[in-house]
Amino acid sequence: MSATLSSHSTLPGAIKNLNVAKALGRRRSRASTVVKALCVLATLIGLALLASILLTLIVRGFGGIGLGVFTEVTKPPGSNGGLLNAIVGSLIQTVIGVAIGTPVGLLVGTYLAEYARGSTLGNAVRFVSDVLLSAPSILIGLFIYQLVVAPFGGFSGIAGCIALAVIVIPIVVRTTEDMLSLIPVAMREAAMALGAPKWKMIVQVCYRAAKDGIVTGVLLAVARVAGETAPLLFTSLGNLNWSLSLTKPMASLPVTIYQYAGSAFDDWVQLAWVGALLITFGVLAINILARVVLRGGK
Amino acid sequence: MQQARRTASRGANLGDFVFASLTRIAGVFVLVLLGAIIVTLFIGGLPAFEKFGVGFLTSTDWDPVQEVYGAAVPVFGTVVTAVLALIVSVPLAFGIAFYLTELAPQWLRRPVGTAIELLAAVPSIIYGMWGFFVIVPIMAQYIQPAVIDSVGELPLIGPLFGGPAFGTGILTAALILAVMIIPFIAATMRDVFLTVPPVFKESAYGLGCTTWEVMRSIVIPYTRTSVVGGIMLGLGRALGETMAVTFVIGNTNRIATTLFGPGNTIASLVALEFPESQSGSLKLSALLALGFILFVISFIVLAISRVLLRPRLKV
Numbered sequence: 701m702s703a704t705l706s707s708h709s710t711l712p713g714a715i716k717n718l719n720v721a722k723a724l725g726r727r728r729s730r731a732s733t734v735v736k737a738l739c740v741l742a743t744l745i746g747l748a749l750l751a752s753i754l755l756t757l758i759v760r761g762f763g764g765i766g767l768g769v770f771t772e773v774t775k776p777p778g779s780n781g782g783l784l785n786a787i788v789g790s791l792i793q794t795v796i797g798v799a800i801g802t803p804v805g806l807l808v809g810t811y812l813a814e815y816a817r818g819s820t821l822g823n824a825v826r827f828v829s830d831v832l833l834s835a836p837s838i839l840i841g842l843f844i845y846q847l848v849v850a851p852f853g854g855f856s857g858i859a860g861c862i863a864l865a866v867i868v869i870p871i872v873v874r875t876t877e878d879m880l881s882l883i884p885v886a887m888r889e890a891a892m893a894l895g896a897p898k899w900k901m902i903v904q905v906c907y908r909a910a911k912d913g914i915v916t917g918v919l920l921a922v923a924r925v926a927g928e929t930a931p932l933l934f935t936s937l938g939n940l941n942w943s944l945s946l947t948k949p950m951a952s953l954p955v956t957i958y959q960y961a962g963s964a965f966d967d968w969v970q971l972a973w974v975g976a977l978l979i980t981f982g983v984l985a986i987n988i989l990a991r992v993v994l995r996g997g998k
Numbered sequence: 092m093q094q095a096r097r098t099a100s101r102g103a104n105l106g107d108f109v110f111a112s113l114t115r116i117a118g119v120f121v122l123v124l125l126g127a128i129i130v131t132l133f134i135g136g137l138p139a140f141e142k143f144g145v146g147f148l149t150s151t152d153w154d155p156v157q158e159v160y161g162a163a164v165p166v167f168g169t170v171v172t173a174v175l176a177l178i179v180s181v182p183l184a185f186g187i188a189f190y191l192t193e194l195a196p197q198w199l200r201r202p203v204g205t206a207i208e209l210l211a212a213v214p215s216i217i218y219g220m221w222g223f224f225v226i227v228p229i230m231a232q233y234i235q236p237a238v239i240d241s242v243g244e245l246p247l248i249g250p251l252f253g254g255p256a257f258g259t260g261i262l263t264a265a266l267i268l269a270v271m272i273i274p275f276i277a278a279t280m281r282d283v284f285l286t287v288p289p290v291f292k293e294s295a296y297g298l299g300c301t302t303w304e305v306m307r308s309i310v311i312p313y314t315r316t317s318v319v320g321g322i323m324l325g326l327g328r329a330l331g332e333t334m335a336v337t338f339v340i341g342n343t344n345r346i347a348t349t350l351f352g353p354g355n356t357i358a359s360l361v362a363l364e365f366p367e368s369q370s371g372s373l374k375l376s377a378l379l380a381l382g383f384i385l386f387v388i389s390f391i392v393l394a395i396s397r398v399l400l401r402p403r404l405k406v
């Protein structure tokens, strides 16, 4: 660089231009550095927020974890209640909701990936499913209230299950379609060439090849609905007593957390934090498991 | 032999027919589901629409005693909190996406990306508790008094930052919403940034562009529509968020004149008022009508988002 400079030093104009260019270059790289620093800062803020949430949960919730949380049902303030009915209720509703939603989602995803490529109906279904994926979950709750709770005499666990199933469907549709689309044509052709009908090819070859991806979708659906509160407020309502009946109001962890966190009793608020800790780490663990399953398949 | 082959092929045809029909029925079911949600909410809200007419949209009343209901306040709160949340979250999400695609060392990309995505997996009720017990005290003790004493004294924008420092309110709700939608916007932006062909970027680097110049002149123009689509996706999420907002917005049916003032959103109002509504009452109908309005707004936003994103990305 200095050699070039000296060889042209007889031309004052060139020197000036070079200095201008150097200054410009400095400014450009400075601008770049500033933006890079801001981006690093943004990422650090994002990570700090996650850390803050997790730390808050651990600090406030960990001290309250005891055997009683898992063996006692919710009780009036001051009498050492637990969260047993809420945990069991959440498990029941999540499992049934996912069990109803998954087959439907699987079939829709199959339809989109195998039968409806480029068709108008297929595009419409894909569009609607995508919208449902991000639709406000509280409206699903209102919908099921009008459809199931109001006509059939009251809040019930099964209404909660149905609301969760509606949320599960688009999640499973999305992953199923994506995973089926990734399966190589050669694999399908091989199955067809052996004389397998299309449905057998799909069920025995494509589903098997896409198994990890489909399992990932189901796990993500479990993680999503396990933490849902709003749709359950209007369907299974919550229940402070022990009840396994699907036709009666049923407790769930998120709704119990909601009721307890806003209460004026210290032991209830403490239990809300314990519940929040359990549900968050449960959900995050399932999420990470889903990623591991997906990566293991590749 | 021929008989056997015919039976086999008929069996295959039948199996194919049954399976194809099943998947098609499931597909149509999804369409019916969306239609049913819209129709159910509309029919449920019909008594309120009939009673108040167009005035339902412009009325700021919410008076269960006199049975007068209007949607203006919650609609205002819904839109304002969502838009404020976007203003806060878009620059942060952009920074994160830029960092994850261009700046971060390869080994760091996956763990950091996963951590940001986990932020999206945290249930919304947890954001509500975190907001109420952690962010609200910080707002009340430090941020709001400081802002009221400094920015609040300025002409023009000063009045926006007035009012008592309760910690809750429109701005706090918007901040919590911003945190909740950052991962959605950041993940979408990262995915669309990754669709830029490396050759484009390499040629710009070859011409001596800095990283930021490549971002500004190559990556952003190439992905502009999809980036807007990702932002709309975040907006759609923010509009319908319920539990987190309910905890921190203050829940007052009044149009807030300051950012620290309390307010409500459609979702928070529905969540709070629903337990006190009799089945078949006008109040319940008004809540369902609000739900219908929210559904229409989110549907439009999400539809735009999808149209913008689809060409670049299968979202």
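These protein sequences, in sequence, are chains A and B. First residue of the first sequence: 701, per this note's numbering; consecutive thereafter. First residue of the second sequence: 92, per this note's numbering; consecutive thereafter. We put the beta carbon where it would ideally sit given N, CA and C, even for glycine. Nothing here was measured: the structure is a model prediction, and the numbers come from that model.
Q: Give the secondary structure of residue 156 of chain B by DSSP, where H, G and I count as helix, E and B as strand, and everything else as coil.
A: Three-state result, residue 156 of chain B: coil.
Q: Verify whether the separation of the beta carbon atoms of residue 912 of chain A and residue 993 of chain A is less than 9 angstroms.
A: Yes, these two residues count as a Cβ contact at 9 angstroms.
Q. Given a threshold of 16 other Cβ atoms within 10 Å of its Cβ, counted over all protein chains shown, does residue 730 of chain A qualify as buried or as exposed?
A. Classification of residue 730 of chain A: exposed, given that the 10 Å Cβ count is below 16.
**Q.** CB contact flag (residue 905 of chain A, residue 883 of chain A, <9 angstroms)
**A.** Contact: yes.
**Q.** Positions along the stretch 253-284 of chain B whose CB lies within less than 9 angstroms of some CB in chain A
**A.** The residues in question are 270, 273, 274, 275 and 277.
Q: Compile a chain-ordered list of the residues in the stretch 352-379 of chain B whose CB is closer than 7 angstroms to at least one CB of chain A.
A: Contacts with chain A (Cβ-Cβ distance below 7 angstroms) from the stretch 352-379 of chain B involve 358, 361, 362, 365, 370 and 379, listed in chain order.
Q: Using the Cα positions of residue 268 of chain B and residue 779 of chain A, report the straight-line distance between them to the nearest angstrom.
A: Straight-line spacing of the CA atoms in residue 268 of chain B and residue 779 of chain A works out to 36 angstroms.
Q. Taking residue 123 of chain B as the reference, which of A:861, A:824, A:738 and A:972 has the closest Cα?
A. Residue A:824 is the option with its Cα nearest to residue 123 of chain B.
Q. According to DSSP, which residues form a beta bridge with residue 280 of chain B?
A. Looking at the DSSP assignment, residue 280 of chain B forms no beta bridge with any residue, so it has no partner.
(Q) Please confirm whether residue 836 of chain A has its beta-carbon closer than 9 angstroms to some beta-carbon of chain B. (A) Judged by the 9 angstroms Cβ criterion, residue 836 of chain A is in contact with chain B.
**Q.** Outcome for residue 807 of chain A when other beta-carbon atoms lying within 10 angstroms are tallied against a minimum of 16
**A.** Buried, by the Cβ-count rule.
Q) Listing by chain order, which chain A residues have their CB less than 7 angstroms from the CB of residue 334 of chain B? A) Chain A residues near residue 334 of chain B: 929, 930 and 958.
Q. Exposed or buried, which one is residue 987 of chain A when buried takes at least 16 other CB atoms within 10 Å?
A. Burial call: buried.
Q) Hey, out of B:366, B:363, B:141 and B:326, whose CA is closest to residue 388 of chain B's CA? A) Looking at the Cα atoms, B:326 is the closest of the given residues.
Q. Are there three or more Cβ pairs, one per stretch, closer than 8 angstroms when the stretch 844-854 of chain A is compared with the stretch 147-154 of chain B?
A. No contact exists between the stretch 844-854 of chain A and the stretch 147-154 of chain B.
Q.
Rounding to the nearest angstrom, what Cα-Cα distance links residue 859 of chain A and residue 936 of chain A in this structure?
A. Within the model, the alpha-carbon separation for residue 859 of chain A versus residue 936 of chain A is close to 6 angstroms.
(Q) So, at 6 angstroms on beta carbons, what are the nonlocal neighbours of residue 337 of chain B in its own chain, with the 5 sequence-adjacent residues on each side left out? (A) Result list for residue 337 of chain B: 359 and 362, in chain order.
Q: Would you please verify whether the beta carbon of residue 820 of chain A is less than 9 angstroms from any beta carbon of chain B?
A: No, residue 820 of chain A lies away from the interface with chain B (no Cβ there is under 9 angstroms from its Cβ).
Q. Out of curiosity, what's the CA-to-CA distance linking residue 141 of chain B and residue 885 of chain A?
A. Their Cα atoms are separated by approximately 56 angstroms.
Q | Given 8 angstroms, three or more beta-carbon pairs between the stretch 747-756 of chain A and the stretch 203-223 of chain B | A | In this structure the stretch 747-756 of chain A lies against the stretch 203-223 of chain B, because at least three pairs of beta carbons, one per stretch, are closer than 8 angstroms.
Q: Would you please verify whether the beta carbon of residue 991 of chain A is less than 9 angstroms from any beta carbon of chain B?
A: At a cut-off of 9 angstroms between C-beta atoms, residue 991 of chain A counts as an interface residue with respect to chain B.
Q. At a CB-CB cut-off below 7 angstroms, which residues of chain B make contact with residue 899 of chain A?
A. Simply 106, 107 and 110.
(Q) Tell me whether residue 370 of chain B, by its Cβ, gets closer than 8 angstroms to a heavy atom of the ligand NAD. (A) The ligand NAD is not part of the structure shown, which contains no ligands of any sort.
Q) By Cβ distance below 8 angstroms, which residues in the same chain neighbour residue 249 of chain B in space, the five residues on each side in sequence not counted? A) The answer, listed in chain order, is 242 and 243.
(Q) Which of the three DSSP states is assigned to residue 258 of chain B in this structure? (A) In the three-state scheme derived from DSSP, where H, G and I count as helix and E and B as strand, residue 258 of chain B is classed as coil.
Q.
Counting only Cβ pairs nearer than 8 angstroms, list the residues of chain A close to residue 214 of chain B.
A. Near residue 214 of chain B (Cβ distances below 8 angstroms), the residues of chain A are 926, 927, 928, 929, 954, 979, 980 and 983.
(Q) Pop quiz: residue 748 of chain A and residue 187 of chain B are said to be a contact at Cβ under 8 angstroms. What is the actual Cβ separation, rounded to whole angstroms? (A) With 8 angstroms as the limit, residue 748 of chain A and residue 187 of chain B do not qualify as a contact, their Cβ atoms being about 12 angstroms apart.
(Q) So residue 389 of chain B contacts chain A; which residues on that side make the cut at Cβ distance below 9 angstroms? (A) Below the 9 angstroms Cβ cutoff, chain A contributes 831, 834, 835, 836 and 839 as neighbours of residue 389 of chain B, in chain order.
Q: Determine the extent of the alpha helix (DSSP H) in which residue 250 of chain B is found, giving its start and end residues.
A: Counted as a single uninterrupted DSSP element, the stretch harbouring residue 250 of chain B is not any alpha helix (DSSP H), since DSSP gives it neither H nor E.
Q) Expressed to the nearest angstrom, what Euclidean distance is found between the alpha-carbon atoms of residue 380 of chain B and residue 262 of chain B? A) The alpha-carbon atoms of residue 380 of chain B and residue 262 of chain B are separated by roughly 26 angstroms.
Q: Return yes when the Cβ of residue 980 of chain A is within less than 9 angstroms of the Cβ of residue 757 of chain A, no when it is not.
A: Remark: C-beta atoms of residue 757 of chain A and residue 980 of chain A approach each other more closely than 9 angstroms.
(Q) For residue 851 of chain A, count the other beta carbons within 10 Å of its own beta carbon; 16 or more makes it buried, fewer makes it exposed. Which is it? (A) Result: exposed.
Q: Please name the residue or residues paired with residue 950 of chain A in a DSSP beta bridge.
A: In the DSSP output, where bridge partners are listed per residue, residue 950 of chain A has A:937.
Q) Helix, strand or coil: which one does DSSP assign to residue 341 of chain B? A) Three-state DSSP puts residue 341 of chain B in a strand.
**Q.** Cβ separation of residue 310 of chain B and residue 284 of chain B, assumed to be a contact under 8 angstroms, to the nearest whole Å
**A.** Approximately 6 angstroms separates the beta-carbon atoms of residue 310 of chain B and residue 284 of chain B; this is inside 8 angstroms, confirming the contact.
Q: Identify every residue that forms a DSSP beta bridge with residue 354 of chain B.
A: Bridge partners of residue 354 of chain B: B:341.
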